[in-house]
């Protein structure tokens, strides 16, 4: 949805980060809404909507004149970072770290067994939405540095590698 956010930012002439964050949030709500329809699995919904938004975003960027250098967002670029970008990244890092540590036990239980989490009083759907929104915010803020193509790798690989060297989810969290 980041490319679509760039396209929206181009049309309404705002900073690209605002378009990316806005579209990432809308993407989260769209995923949750479509998941509740039980037509497709969450993985399929994410795949279909992300490809669709990628295509729509590329169309918007090519149709509307823009000052955006698409390559900077596709592959990342440290040189284009400004002080406000760095402050935003620090703020999001503090917010996301705090949220993960506050929600860790609930997230772990909901990941292992949703039914048990519900019986334990955890509002699983609300927790999933909060986690999705937090993930979307982190991704939106890091796209400028890491790039749209590499952001998935940066999110998945550390945890996948850490899993091979630890015994508990807590150890995995810290190692990754």
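Residue numbers (my numbering): 29 to 204.
No residue lacks a Cβ here, since even glycine has one placed at the ideal position from N, Cα and C.
Express the C-alpha separation of residue j and residue i in angstroms, rounding to a whole number.
i, j, result
"residue 128", "residue 158", "10 Å"
"residue 184", "residue 178", "10 Å"
"residue 136", "residue 198", "9 Å"
"residue 100", "residue 88", "17 Å"
"residue 167", "residue 30", "9 Å"
"residue 116", "residue 37", "18 Å"
Does DSSP put residue i in a helix, a strand or coil?
i, result
"residue 148", "coil"
"residue 65", "coil"
"residue 29", "coil"
"residue 112", "helix"
"residue 104", "coil"
"residue 41", "coil"
"residue 57", "helix"
"residue 186", "helix"
"residue 93", "coil"
"residue 204", "coil"
"residue 166", "helix"
"residue 129", "helix"
"residue 195", "coil"
Does the beta-carbon of residue i have 16 or more other beta-carbons within 10 angstroms, so that it is buried, or is it exposed?
i, result
"residue 171", "buried"
"residue 32", "buried"
"residue 79", "exposed"
"residue 188", "exposed"
"residue 93", "exposed"
"residue 35", "buried"
Exercise for review: Report yes or no: do three or more beta-carbon pairs, one from the stretch 150-164 and one from the stretch 101-108, lie closer than 8 Å?
Suggested key: no
Review point. Within the chosen definition, does the stretch 60-73 reach the stretch 116-131 through at least 3 CB pairs nearer than 8 Å?
Key: no
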